[in-house]
Amino acid sequence: MTDYNFAYLDEQTKRMIRRAILKGLAIPGYQVPFASREMPMPYGWGTGGVQVSAAVLTPQDKLKVIDQGADDTTNAVSIRTFFERTAGVETTTTTREATVIQTRHRIPEEPLTEDQILVYQVPIPEPLRFLEPRESETRKMHSLEEYGLMHVKLYEDISRHGHIATSYAYPVKVEGRYVMDPSPIPKFDNPKLGDMAAIQLFGAGREQRIYALPPYTQVVSLDFEDHPFEASKADQICGLCGATDSYLDEVIVDDAGGRLFCCSDTDYCASRRAAGHQGTVLPTSEALA
Amino acid sequence: MICLENVSKTFTLHNQGSAIIDVISDVSFSVSGGECVALTGASGAGKSTLMRMIYGNYLTQSGAIRIGDVDLVQAEPRDVIALRREVLGYVSQFLRVVPRVPTLEVVADPLRAVGVSAEDASDRAQVLLRQLNIPERLWSLSPTTFSGGEQQRVNIARGFAHAYPAMLLDEPTASLDAVNREIVLSLIEEAKARGAAIIGIFHDEAARARVCDREIDVSRFASGVAA
Amino acid sequence: MTALLSVKDLSKRYGAHIGCADVSFDLYPGEVMGIVGESGSGKSTLLNCLAGHLAPDAGQVVFDTRTDGPKDTVTMSEPERRMLGRTDSAFVHQHARDGLRMGISAGGNVGERLMAVGERHYGDIRGKATDWLERVEIDSARVDDRPTTFSGGMQQRLQIARNLVTGPRLVFMDEPTGGLDVSVQARLLDLLRGLVRDMGLSAIIVTHDLAVVRLLADRLMVMKSGRVVEAGLTDQVLDDPQHAYSQLLVSSVLQV
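Protein chains in written order, with our numbering: chain A, 1 to 289; chain B, 1 to 227; chain C, 1 to 256.
Okay, structure coming up:
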């Protein structure tokens with residue numbers, strides 16, 4: 001651990017990132033450019049989130065890292081180990097105990113508190129990117145609040161599928177001003193973005209952008225009057241813990257088409273089971289192995 | 001209704017050694033409502049040029065051409081456009097239309113332009129086309145494909161669709177058979193009867209004698225060599 | 001009557017080169033004005049300055065806006081100018097690709113302007129889009145097809161629908177029939193004429209095709225080396241051109 005500066009990045013870099021974070025908090029939803037550093041992991045593995053986490057971590061923090069809700073997937077494990085080694089901070093899988101949670105593509109089921117910071121890994125921060133490829137033009141569109149094009153995307157969805165088929169990275173409008181990409185979280189999580197007690201920070205390493213939502217920010221998912229936003233999830237209950245209100249993963253359990261729906265938030269599921277809740281499917285140890 | 005005062009016209013051909021051609025000078029006459037005046041004179045005397053000047057198609061260098069209370073020589077383009085839409089009609093020998101537009105619409109167009117409903121305009125167009133013996137099966141086709149005589153009759157129907165208070169007729173009966181010639185002459189008489197002031201060029205002397213109240217020999221305005 | 005567009009002493013330079021200089025005119029509601037001239041005569045520069053796509057170096061472009069009355073588009077703020085470009089005015093590009101989003105369905109292309117001015121009812125937006133497709137003679141069954149599957153003439157008509165859906169009062173057109181087959185051109189001209197009459201549209205059309213201006217434009221400006229050398233009624237300028245350059249231009253047209 002002595003070989004590295006605290007949390008890997010040098011102090012100047014962390015100050016630069018903190019300034020970007022503060023600016024992002026001051027202008028909710030606005031993408032702040034920052035000088036993203038090379039990190040010892042490939043782009044797409046959360047280099048933006050890692051840099052933001054490194055800038056906000058203090059030695060007293062307790063870190064939780066999740067990848068699509070799970071604490072035990074490769075991305076989560078490697079980032080958690082990275083900070084254990086470079087910052088020496090305590091880590092946890094328990095949502096409630098963590099002070100900083102870095103996440104890829106999910107918001108924990110359990111409501112977060114004012115004492116927590118949620119850091120998102122963002123692949124593409126620009127919600128208008130696939131509609132307007134010119135960065136010079138998308139910046140102008142943001143500054144002039146020209147967001148008609150965003151609805152064109154939703155229009156295309158409805159015309160092709162009969163409903164808004166965008167199911168993740170569903171665009172939102174922040175405080176009635178900036179349209180923001182909430183990172184590829186399922187739209188089931190969108191309602192949690194707004195009015196959240198915790199600070200939410202978004203880091204895009206390859207794209208060199210940081211944006212943020214301060215606590216209790218108004219966040220509205222874009223929609224049409226006759227096709228209102230719906231936070232959807234699989235119409236099932238968790239096979240393991242019986243939860244009806246959580247976002248579910250579909251797991252293929254054998255080669256005969258057998259499948260299991262279970263909470264994507266592993267901590268939520270485990271703590272429910274520990275409290276005695278049980279689902280309809282009691283998986284055998286082989287099935288989960 | 002139509003009043004010309006000391007009107008002159010020269011052409012300057014910049015690309016042909018800046019040749020200056022004086023066509024007519026010092027033209028003054030007037031035509032009142034209900035009157036039909038023929039412009040006469042040898043070929044090249046400037047009849048058509050004068051007619052085009054009165055329509056605003058050729059630029060007049062000096063003098064005044066008053067149609068109602070508008071002086072064409074001084075008027076802004078939009079005033080001339082309004083004048084042509086509401087007051088001043090022109091029937092030339094040549095049909096100029098957007099390709100593909102059906103004959104019925106071509107004829108109804110001047111009425112639509114003054115705000116007549118599509119239905120009423122179409123009714124009036126049908127009456128005229130029938131009167132001028134354009135077979136009904138041609139009405140939905142573009143007149144650009146018609147024979148010369150048919151095109152001319154479509155042009156006349158178009159020219160008489162709206163009841164202009166002032167009209168300019170450039171050889172309206174040329175190349176028409178006796179029957180259609182008769183119909184055109186009666187259209188002119190109707191226009192006179194409702195009080196239109198008409199200036200026309202007729203090579204057909206019998207026609208001229210029948211509808212015109214006066215003749216004005218343009219040769220007497222000729223200045224130098226005509227174009 | 002207030003002029004819809006009142007242009008005073010408009011100039012644009014590219015370094016030592018003159019884009020356009022000292023252009024002044026008034027355009028009234030319902031008027032269609034043509035601008036002709038050879039390549040490099042400054043007609044496109046002028047059009048782009050008028051439409052607010054280029055900032056002129058000097059002069060005024062006063063637009064009679066629906067909401068606030070006459071305002072100089074040169075000095076108004078960028079958001080205002082862009083809003084004007086989506087509501088009161090429109091721009092039809094020579095190449096439909098420049099004016100369309102090729103990756104988005106025909107309906108989405110037409111609907112974009114509506115959504116940009118705040119329409120948020122999918123059914124209404126789609127209804128208006130299909131209505132406009134029919135008005136420009138595109139089969140409404142193709143509302144969900146991308147413009148990449150359309151012919152050149154259809155793309156151009158789609159571009160026109162996309163521009164007119166918000167009921168602009170002034171349309172800028174840059175060679176709207178350029179690059180199209182003659183038969184397709186005729187159809188487009190007819191369509192434009194009908195729209196101009198039925199919607200009471202004003203238009204400024206840049207073209208080098210004198211036949212197009214004769215059929216569409218009430219008034220004509222002839223440009224050479226960035227300056228207007230002659231202006232007047234279209235048929236007067238074409239049939240009795242006064243300036244040496246206009247005479248050359250008109251006499252150079254090949255007769256069919």
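Here a beta-carbon is modelled for each residue, glycine too, at the ideal position from N, C-alpha and C.
For this session: Work out the CA separation of residue 177/C and residue 100/B for me, nearest whole Å.
Result: Locating residue 100/B in the second sequence gives position 100, counting from the first residue. Locating residue 177/C in the third sequence gives position 177, counting from the first residue. Distance between the alpha carbons of residue 100/B and residue 177/C is about 15 Å.
For this session: Provide the residue span of the beta strand (DSSP E) that contains residue 9/C, from first to last.
Result: Looking up residue 9/C in the third sequence gives position 9. Residue 9/C -> beta strand (DSSP E) spans 5–14.
Exercise. Does residue 101/B have its Cβ less than 7 Å from a Cβ in chain C?
Worked result: As a working note, residue 101/B is residue 101 in the second sequence. Yes - at least one Cβ of chain C is within 7 Å of the one on residue 101/B.
Problem set entry | Spatial distance of residue 297/C from residue 214/C (CA atoms) | As shown, chain C starts at 1 and ends at 256. That puts residue 297/C outside it, with no answer to give.
Problem set entry | Short CB-CB distance (under 7 Å) between residue 38/C and chain A | By one-based count along the third sequence, residue 38/C stands at place 38. Chain A, which has no Cβ nearer than 7 Å to the Cβ of residue 38/C, makes this no.
Problem set entry | 7 Å Cβ shell around residue 282/B - same chain, five flanking residues per side excluded | Because chain B here runs from 1 to 227, residue 282/B falls outside it and cannot be looked at.
Exercise. Ordered along the chain, which non-local residues of its own chain (more than five positions away) have a Cβ less than 8 Å from that of residue 167/A?
Worked result: Here the question's residue 167/A lines up with position 167 in the first sequence. The residues are 186, 187 and 232.
Exercise. Sorted by chain position, which residues of the same chain lie with C-beta nearer than 7 Å to residue 258/B's C-beta, five sequence neighbours on each side aside?
Worked result: A query on residue 258/B cannot be resolved here, the shown segment of chain B reaching from 1 to 227 and no further.
Exercise. Between residue 287/A and residue 254/A, what straight-line distance do the alpha-carbon atoms span, to the nearest angstrom?
Worked result: Numbered from its first residue, the first sequence carries residue 287/A at position 287. Numbered from its first residue, the first sequence carries residue 254/A at position 254. Residue confidence for residue 287/A is low, a pLDDT of 48 falling below 50, so the modelled location carries little weight; the figure read from the coordinates is stated next. The alpha-carbon separation between residue 287/A and residue 254/A amounts to approximately 8 Å.
Problem set entry | Identity of the residue in 171/C, 205/C and 235/C nearest residue 84/B by Cα | Along the second sequence, one-based indexing puts residue 84/B at 84. Distances from the alpha-carbon of residue 84/B to those of 171/C, 205/C and 235/C put 235/C closest.
For this session: Put residue 189/A into one of helix, strand or coil per three-state DSSP.
Result: In the first sequence, residue 189/A corresponds to position 189, counting from 1. Three-state result, residue 189/A: helix.
For this session: Could you check what DSSP says for residue 262/A in three-state terms: helix, strand or coil?
Result: Your numbering for residue 262/A matches position 262 in the first sequence. Here residue 262/A sits in strand by DSSP.
Exercise. Quick one: which chain B residues come within Cβ less than 8 Å of residue 251/C?
Worked result: Stepping through the third sequence from its first residue, residue 251/C is reached at position 251. Those within 8 Å of residue 251/C in chain B are 15.
Exercise. Listing by chain order, which chain A residues have their CB less than 7 Å from the CB of residue 116/C?
Worked result: As a working mapping, residue 116/C is identified with position 116 in the third sequence. Result: 146 and 148.
Exercise. What residues from chain B crowd round residue 215/C, counting only those whose CB sits closer than 7 Å?
Worked result: Taking the third sequence and counting its residues from 1, the one referred to as residue 215/C is at position 215. Within chain B, the residues whose beta carbon sits less than 7 Å from that of residue 215/C are 98, listed in sequence order.
For this session: Quick one: list the residues of chain C neighbouring residue 4/A, beta-carbon separation under 7 Å, in chain order.
Result: Locating residue 4/A in the first sequence gives position 4, counting from the first residue. Within chain C, not a single residue places a beta-carbon under 7 Å from that of residue 4/A; the smallest gap is close to 45 Å.
Exercise. Does residue 240/C get closer than 7 Å to chain B when you measure Cβ to Cβ?
Worked result: Here residue 240/C is taken as the residue at index 240 of the third sequence, counted from 1. It does; some Cβ of chain B falls within 7 Å.
Exercise. Cα separation between residue 142/C and residue 46/B?
Worked result: In the third sequence, counting from the first residue as 1, residue 142/C sits at position 142. In the second sequence, counting from the first residue as 1, residue 46/B sits at position 46. Their Cα atoms are separated by approximately 56 Å.
Problem set entry | Run of the beta strand (DSSP E) containing residue 65/B, from where it starts to where it stops | In the second sequence, residue 65/B corresponds to position 65, counting from 1. Boundaries of the beta strand (DSSP E) harbouring residue 65/B: 62–67, taken from the DSSP string.
Exercise. Quick one, which of 60/C, 79/C and 122/C has its alpha-carbon nearest residue 70/C's?
Worked result: On the third sequence, position 70 is the one that residue 70/C refers to. Cα-wise, what sits closest to residue 70/C is 60/C.
Exercise. Just how far apart, CA to CA, sit residue 15/A and residue 55/A?
Worked result: Counted from its first residue, the first sequence places residue 15/A at position 15. Counted from its first residue, the first sequence places residue 55/A at position 55. In a straight line, the C-alpha of residue 15/A is about 7 Å away from that of residue 55/A.
Exercise. Okay, do the region 22–42 of chain A and the region 199–215 of chain A touch, 3+ Cβ pairs below 8 Å being the bar?
Worked result: In short, these stretches touch, since the Cβ pair count reaches three.
Exercise. Under a CB-based cut-off of 7 Å, is residue 262/C close to chain A?
Worked result: Because residue 262/C is not part of the residues shown, which for chain C are 1 to 256, the question remains open.
Problem set entry | Within chain B, the residues that residue 247/C reaches when beta carbons sit closer than 8 Å | Mapped onto the third sequence, residue 247/C falls at position 247. Against residue 247/C, the close residues of chain B are 13, 14 and 15, in the order they occur along the chain (beta-carbon pairs closer than 8 Å).
Exercise. Thinking C-alpha only, which one of 7/B, 15/B and 4/B is nearest residue 249/C?
Worked result: Counting from 1 along the third sequence, the entry for residue 249/C is found at position 249. Distances from the CA of residue 249/C to each of 7/B, 15/B and 4/B were compared; the closest alpha carbon is that of 15/B.
Exercise. CB residue 114/B to CB residue 86/B, shorter than 7 Å?
Worked result: Counting from 1 along the second sequence, the entry for residue 114/B is found at position 114. Counting from 1 along the second sequence, the entry for residue 86/B is found at position 86. Closer than 7 Å, so yes.
For this session: Starting from residue 17/C, follow its DSSP beta bridges and name the residues at the other end.
Result: As a first step, residue 17/C is located in the third sequence; it is residue number 17 there, counting from the start. Paired residue(s): 14/C.
For this session: Determine, using beta carbons only, whether residue 91/C and residue 55/C come nearer to each other than 7 Å.
Result: Here residue 91/C refers to the residue found at position 91 when the third sequence is read from its first residue. Here residue 55/C refers to the residue found at position 55 when the third sequence is read from its first residue. No. Outside cutoff.
Exercise. What's the gap between the Cα of residue 138/A and the Cα of residue 128/A?
Worked result: As a first step, residue 138/A is located in the first sequence; it is residue number 138 there, counting from the start. As a first step, residue 128/A is located in the first sequence; it is residue number 128 there, counting from the start. Cα-Cα distance, rounded: 6 Å.
Problem set entry | Contacts around residue 33/B, its chain only, beta-carbon distance under 8 Å, and the 5 residues preceding and following it disregarded | Residue 33/B sits at position 33 when you count from the first residue of the second sequence. Non-local beta-carbon contacts of residue 33/B in its own chain, meaning distances under 8 Å to residues more than five positions away in sequence, involve 1, 165, 195, 196 and 197 in chain order.
For this session: Reducing DSSP to helix, strand and coil, say where residue 168/B ends up.
Result: Position 168 of the second sequence, counting from 1, holds the residue named residue 168/B. Residue 168/B falls in the strand class under three-state DSSP.
Exercise. Closer than 8 Å, Cβ to any Cβ of chain C: which residues of the region 63–90 of chain B, in chain order?
Worked result: Under the 8 Å Cβ criterion, the region 63–90 of chain B contributes 77, 78, 80 and 81.
Problem set entry | 7 Å Cβ cutoff, residue 57/B in contact with chain E | Here the protein chains are A, B and C, and chain E is not one of them.
For this session: For residue 31/C, go through chain B and note every residue whose CB falls closer than 7 Å to its CB, in chain order.
Result: Position 31 of the third sequence, counted from the first residue, corresponds to residue 31/C. Near residue 31/C (Cβ distances below 7 Å), the residues of chain B are 78.
Exercise. Start and end of the alpha helix (DSSP H) containing residue 191/C?
Worked result: Reading the third sequence from its first residue, position 191 is the one you call residue 191/C. 182–199 is the extent of the alpha helix (DSSP H) around residue 191/C.
For this session: Taking residue 75/A as part of the alpha helix (DSSP H), name the residues at either end of that continuous run.
Result: Counting from one through the first sequence, the residue named residue 75/A turns up at place 75. Looking at the DSSP string, the run of the alpha helix (DSSP H) that includes residue 75/A is 74–86.
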